[in-house]
Amino acid sequence: MKKKRFFVKRHRAHSPALGLSNIAEALRHAVISILVTAVFLAAAGVIVKYFVENNKISFNVPQLLSRPAYIMIKDDFYLLYTDGRTEEADESISISSFPVISGVGINEKREAHRRVMKQALKINPGYFEGISEIILDDPKNVVLITIDGKKVYAGSGIDNEKMRRYELVSRKADELGKRYRSMDLRYKNRVIIK
Numbered sequence: 056m057k058k059k060r061f062f063v064k065r066h067r068a069h070s071p072a073l074g075l076s077n078i079a080e081a082l083r084h085a086v087i088s089i090l091v092t093a094v095f096l097a098a099a100g101v102i103v104k105y106f107v108e109n110n111k112i113s114f115n116v117p118q119l120l121s122r123p124a125y126i127m128i129k130d131d132f133y134l135l136y137t138d139g140r141t142e143e144a145d146e147s148i149s150i151s152s153f154p155v156i157s158g159v160g161i162n163e164k165r166e167a168h169r170r171v172m173k174q175a176l177k178i179n180p181g182y183f184e185g186i187s188e189i190i191l192d193d194p195k196n197v198v199l200i201t202i203d204g205k206k207v208y209a210g211s212g213i214d215n216e217k218m219r220r221y222e223l224v225s226r227k228a229d230e231l232g233k234r235y236r237s238m239d240l241r242y243k244n245r246v247i248i249k
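Quick note on numbering: this note's numbering labels position 78 of the sequence shown as 133, and the sequence is numbered without any gaps.
Structure follows, in structure tokens:
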């Protein structure tokens, strides 16, 4: 019988070539992972954008919780909500509590007047804290009257951007102690005060 000889197998220490191969493999996996993540995020962004643009998500606040935003005084006193609802105002409502919309009626037939009224309803109510009246007699020249009697000319439309500019210039004029009688917001990048 022959004796079996056992040889201890010698393990090689990791060679530099083998280490570079592992680093290259790790980099390849990292790059692939980053690319897959980027493609996933881009696809998710497209899906969310499509969903938001094509599905108008809205919910109605219960009528008991919603507050009127304006008072309309064409035919009689009406409370006007930002969602377009109206109801007759009773004697307990103070006119000074809300800005007054004048120059249009509840069942306005003139298209241009209805358009401007809808624009006014979309304004953030916080911008109207210093406004006492919104005059919509001429839809090409909307005029706001402030609580202290100054006129603000908004031009052919009214939007949050114009109201933001009004608030910014009004606050700055107050800080500097500047007095003015009127403010003109009809120009896109300019506010004129007189």
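Positions of the beta carbon are idealized from the N, C-alpha and C atoms, including for glycine.
If you check the CB distance, residue 213 and residue 171 come in under 8 Å.
189 is the residue among 189, 215 and 91 whose C-alpha sits nearest the C-alpha of residue 204.
Assigned with DSSP and collapsed to three states, residue 100 falls in helix. Just so you know, the alpha carbons of residue 92 and residue 99 end up roughly 10 Å apart. For residue 171, the enclosing alpha helix (DSSP H) covers residues 166-176. Residue 144: not part of any beta strand (DSSP E); DSSP gives it neither H nor E. Counting along the chain, the unbroken beta strand (DSSP E) around residue 188 starts and ends at 186-190.
In this structure, residue 175 and residue 156 form a Cβ contact; the two beta carbons are roughly 7 Å apart against a cut-off of 8 Å.
Between residue 107 and residue 97, the alpha-carbon positions lie close to 15 Å from each other. For the 8 Å CB-CB criterion, residue 146 and residue 134 do not form a contact. Residue 240: not part of any beta strand (DSSP E); DSSP gives it neither H nor E. Boundaries of the alpha helix (DSSP H) harbouring residue 225: 215-231, taken from the DSSP string.
Taking C-beta atoms as the reference points, residue 182 and residue 238 fail to come closer than 8 Å.
Linking residue 94 to residue 85 through their CA atoms gives a straight-line distance of about 14 Å. Around the beta-carbon of residue 103, fewer than 16 other beta-carbon atoms lie within 10 Å, marking it exposed. In this structure, the beta-carbon distance from residue 224 to residue 208 does not fall below 8 Å.
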